[in-house]
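Per my numbering, the very first residue in the sequence shown carries number 47; after that it's consecutive.
Where is the CB? At the ideal position from N, CA and C, for every residue including glycine.
Source: prediction; values computed, not measured.
What follows is one structure encoded as structure tokens, with my remarks underneath.
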Amino acid sequence: MSAAFLSVERLVVNYGTVAAVRNVDFTVSRGEHVTLLGPSGCGKTTTLRAIAGLETPSAGRIVIDGVAVADAAAGRHVPPERRGLSMVFQSYAIWPHMTVFDNIAFSFRVRGMGRAEARPAVERALALVKLEGFADRPATRLSGGQQQRVALARALVCDAKIVLLDEPLSNLDAQLRIALRADLADLRRRLGFTAIYVTHDQEEAFGLSDRIIVMRDGRMEQQGTPAEIHEAPRTRFVASFLGMKNIMTAEITPVAAGQVEARPGPGIVLRARDAWPNGPVPASGAIGFRPTDVAVTLAADGIEGVITRSLYLGDFAQYTIRSGPLEITADDRPRPELAEGSKVRWWVLPEKCLLLRE
Numbered sequence: 047m048s049a050a051f052l053s054v055e056r057l058v059v060n061y062g063t064v065a066a067v068r069n070v071d072f073t074v075s076r077g078e079h080v081t082l083l084g085p086s087g088c089g090k091t092t093t094l095r096a097i098a099g100l101e102t103p104s105a106g107r108i109v110i111d112g113v114a115v116a117d118a119a120a121g122r123h124v125p126p127e128r129r130g131l132s133m134v135f136q137s138y139a140i141w142p143h144m145t146v147f148d149n150i151a152f153s154f155r156v157r158g159m160g161r162a163e164a165r166p167a168v169e170r171a172l173a174l175v176k177l178e179g180f181a182d183r184p185a186t187r188l189s190g191g192q193q194q195r196v197a198l199a200r201a202l203v204c205d206a207k208i209v210l211l212d213e214p215l216s217n218l219d220a221q222l223r224i225a226l227r228a229d230l231a232d233l234r235r236r237l238g239f240t241a242i243y244v245t246h247d248q249e250e251a252f253g254l255s256d257r258i259i260v261m262r263d264g265r266m267e268q269q270g271t272p273a274e275i276h277e278a279p280r281t282r283f284v285a286s287f288l289g290m291k292n293i294m295t296a297e298i299t300p301v302a303a304g305q306v307e308a309r310p311g312p313g314i315v316l317r318a319r320d321a322w323p324n325g326p327v328p329a330s331g332a333i334g335f336r337p338t339d340v341a342v343t344l345a346a347d348g349i350e351g352v353i354t355r356s357l358y359l360g361d362f363a364q365y366t367i368r369s370g371p372l373e374i375t376a377d378d379r380p381r382p383e384l385a386e387g388s389k390v391r392w393w394v395l396p397e398k399c400l401l402l403r404e
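Pasting the structure below:
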């Protein structure tokens with residue numbers, strides 16, 4: 047990884063007695079796309095706004111391209127317009143009284159550049175977002191997807207050091223969101239701009255990011271590549287937020303390097319992988335595994351259980367299996383023999399069952 051282009055150093059943002067961001071610390075390399083992922087209220091947008099200069103840090107520093115743009119201890123706060131950044135807002139922030147051209151060229155106008163001088167750059171930006179021929183259209187005659195493309199073109203036209211994107215696709219319908227996500231990924235590959243993206247949508251985060259930072263209650267819970275976050279969630283919170291349905295408290299016993307034995311219920315023993323073996327192994331903790339990683343059989347091997355619910359979902363069936371006090375979910379191909387009330391056996395491979403920290 048190249049040297050840090052952006053450094054966020056022990057960032058704290060307080061609103062009165064409420065700590066919205068608590069000691070957030072990360073770097074971003076030039077050309078990297080980093081996503082801040084988490085539920086509402088986790089501090090991701092506040093962190094983005096602090097980078098943009100729209101929030102004043104209560105503590106910590108923000109350094110962009112070697113220049114401290116915020117330093118709470120030194121009382122330094124560079125205003126947003128002098129940070130060399132651009133931002134795409136969730137609400138698009140398109141001026142309704144302007145044409146598409148004037149919306150995109152606004153930053154040039156602020157710098158005193160005339161329309162003729164700005165036109166080549168604006169037309170290039172329109173081509174990038176597939177809106178050729180829209181320059182003179184009133185903003186009020188744009189669909190939601192077109193407005194978002196204009197907002198993106200406005201962010202790209204000024205050759206900003208970093209593009210900040212605050213849930214830019216969340217107001218769009220599902221099909222349009224998927225299409226624009228693909229277009230945005232393509233633009234990043236072609237242009238190589240540095241981006242910080244905020245979302246609560248894990249598919250957006252996985253599909254767009256070089257690195258993901260999962261946030262919770264104003265803190266960083268875990269960071270890593272999309273594959274690392276998906277394959278090795280460190281905590282119960284991260285696993286649950288990413289949709290891991292089978293999470294349970296268990297007695298934990300280390301059995302080998304990177305492996306533990308978990309007892310989530312009487313007579314139930316599972317081998318689990320410790321994806322973070324450098325930390326202490328808790329005597330009582332949590333394990334988790336995905337429904338797609340559960341093998342269900344009528345044979346003699348595995349943990350005994352009874353199917354209490356069978357849902358046909360087209361390409362697969364979802365089975366709820368009760369084993370004593372434990373209830374798990376398994377996704378498998380539809381099988382007529384796995385009906386409600388059927389006695390079955392199930393198991394999970396050790397590499398697919400994860401030890402989770404609290």
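Open item on the list: According to DSSP, H79 sits in a beta bridge with which residue or residues?
Closed with: Along the sequence shown, read from residue 1 onward, the residue named residue 79 stands at position 33. For H79, which the question treats as bridged, DSSP gives the partners A241.
Task: Segment limits, beta strand (DSSP E) that includes K389 - done: Start at 1 with the first residue of the sequence shown, and residue 389 comes out as number 343. Note, K389: beta strand (DSSP E), K389 to V394.
Task: Buried/exposed call for G334, threshold 16 Cβ in 10 Å - done: For the purposes of this step, residue 334 is taken as the residue at position 288 of the sequence shown. When all chains shown are included, G334 counts as buried.
Task: Secondary structure, beta strand (DSSP E): runs of 3+ residues fully inside the stretch 166 to 223 - done: 208 to 212
Open item on the list: Would the stretch 383 to 393 count as touching the stretch 332 to 352 if we require 3 or more Cβ pairs under 8 angstroms?
Closed with: yes
TODO: Since I believe R257 is in contact with V80 (beta carbons under 8 angstroms), could you give me their beta-carbon distance rounded to a whole number of angstroms?
DONE: Reading the sequence shown from its first residue, position 34 is the one you call residue 80. Reading the sequence shown from its first residue, position 211 is the one you call residue 257. Confirmed, about 5 angstroms.
Open item on the list: Which residue marks the beginning of the beta strand (DSSP E) containing R295, and which one marks its end?
Closed with: If you number the sequence shown from 1, residue 295 lands on position 249. One detail in the question is off: residue 295 reads as Thr in this sequence, not Arg. Run containing T295: N292 to A302, per the beta strand (DSSP E) assignment.
Task: Spatially closest choice to R381 from Q364, T375, L372 and I374, by CA coordinates - done: In the sequence shown, counting from the first residue as 1, residue 381 sits at position 335. The candidate whose alpha carbon is nearest that of R381 is Q364.
TODO: Using three-state DSSP, classify H123 as helix, strand or coil.
DONE: Position 77 of the sequence shown, counted from the start, is the residue given in the question as residue 123. It is a strand residue.
Task: Cβ-based neighbour list, K398, same chain, cut-off 6 angstroms, excluding 5 preceding and 5 following - done: The residue given as residue 398 occupies position 352 in the sequence shown. So the list reads F335 and D339, once near-sequence residues are dropped.
TODO: Would you kindly report the start and end of the unbroken beta strand (DSSP E) that includes I108?
DONE: Translated into the one-based positions of the sequence shown, residue 108 becomes position 62. Taken as a continuous stretch (DSSP letters only), the beta strand (DSSP E) holding I108 covers A105 to I110.
Task: Cut-off 6 angstroms between Cβ atoms - residues of its own chain near L211, not counting five sequence neighbours on either side - done: Mapped onto the sequence shown, residue 211 falls at position 165. Cβ neighbours of L211 beyond the five flanking positions: V134 and Y243.
Task: N-terminal and C-terminal residue of the beta strand (DSSP E) that A308 is part of - done: Here residue 308 is taken as the residue at index 262 of the sequence shown, counted from 1. From DSSP, the beta strand (DSSP E) with A308 extends over Q305 to G311.
Task: Cross-strand partners of G331 (DSSP beta bridge) - done: Translated into the one-based positions of the sequence shown, residue 331 becomes position 285. Beta-bridge pairing links G331 to A296.
TODO: Please list, in chain order, all residues of the same chain as T245 whose beta carbon is under 7 angstroms from its beta carbon, the five residues on each side excluded.
DONE: Within the sequence shown, numbered from 1, the residue matching residue 245 stands at position 199. Correct list, in chain order: T81, L83, E213 and A251.
- [ ] Use the C-beta contact count for S137: other C-beta atoms within 10 angstroms, 16 or more gives buried, fewer gives exposed.
- [x] The residue given as residue 137 occupies position 91 in the sequence shown. Exposed, since its Cβ has fewer than 16 Cβ neighbours within 10 Å.
Task: Where the alpha helix (DSSP H) containing S286 begins and where it ends - done: Here residue 286 refers to the residue found at position 240 of the sequence shown. S286 -> alpha helix (DSSP H) spans R282 to F287.
Task: E383 in three-state terms, based on DSSP - done: The residue you call residue 383 lines up with position 337 of the sequence shown. Correct three-state label for E383: coil.
Open item on the list: For a quick check, are the C-beta atoms of Q192 and L177 less than 8 angstroms apart?
Closed with: Locating residue 192 in the sequence shown gives position 146, where the first residue counts as 1. Locating residue 177 in the sequence shown gives position 131, where the first residue counts as 1. Yes, Cβ-Cβ distance for Q192 and L177 is below 8 angstroms.
Task: Same chain only: Cβ atoms within 7 angstroms of Q168, ignoring 5 sequence neighbours per side - done: Along the sequence shown, one-based indexing puts residue 168 at 122. The amino acid at residue 168 is misidentified as Gln; the sequence shows Val. Contacts found: F147, I150, A151, A181 and V203.
Task: Residue from M261, G190 and G331 with nearest C-alpha to N217 - done: Taking the sequence shown and counting its residues from 1, the one referred to as residue 217 is at position 171. Taking only the C-alpha atoms, the option nearest N217 is G190.
Open item on the list: One question on the structure: do A329 and I298 come within less than 8 angstroms of each other, judged by their Cβ atoms?
Closed with: Within the sequence shown, residue 329 is the residue found at index 283, counting from 1. Within the sequence shown, residue 298 is the residue found at index 252, counting from 1. For A329 and I298, yes; Cβs fall inside 8 angstroms.
Open item on the list: Taking 6 angstroms as the limit between beta carbons, can you name the residues of its chain near G410, skipping five residues before and five after?
Closed with: Look at the range of the chain in this structure, 47 to 404, and you will see that residue 410 is not part of it.
Task: Spatial neighbours of A376 in its chain, beta-carbon cut-off 7 angstroms, leaving aside the 5 residues before and after - done: Taking the sequence shown and counting its residues from 1, the one referred to as residue 376 is at position 330. Once the five neighbours on either side are set aside, the close Cβ partners of A376 are P337, V340, V342, Y365, I367 and W392.
Task: Proximity below 8 angstroms, CB of V67 to CB of V74 - done: The residue given as residue 67 occupies position 21 in the sequence shown. The residue given as residue 74 occupies position 28 in the sequence shown. No, these two residues do not count as a Cβ contact at 8 angstroms.
Open item on the list: Tell me the rounded alpha-carbon separation between F287 and E249.
Closed with: The residue you call residue 287 lines up with position 241 of the sequence shown. The residue you call residue 249 lines up with position 203 of the sequence shown. Distance between the alpha carbons of F287 and E249 is about 12 angstroms.
Task: Exposed unless 16 or more other CB atoms sit within 10 angstroms - verdict on D320 - done: Here residue 320 refers to the residue found at position 274 of the sequence shown. D320 should be labelled buried.
Task: Rounded C-alpha distance that separates P103 from M294 - done: Here residue 103 is taken as the residue at index 57 of the sequence shown, counted from 1. Here residue 294 is taken as the residue at index 248 of the sequence shown, counted from 1. For P103 and M294, the distance between alpha carbons rounds to 38 angstroms.
- [ ] Would you tell me roughly how many angstroms separate the C-alpha atoms of F408 and S53, rounded to the nearest one?
- [x] What is shown of the chain runs 47 to 404, which leaves residue 408 out entirely.
- [ ] Could you check if E179 is buried or exposed, using at least 16 other CB atoms within 10 Å of its CB as the buried criterion?
- [x] Your numbering for residue 179 matches position 133 in the sequence shown. Per the sequence shown, the amino acid found at residue 179 is Gly instead of Glu. Exposed.
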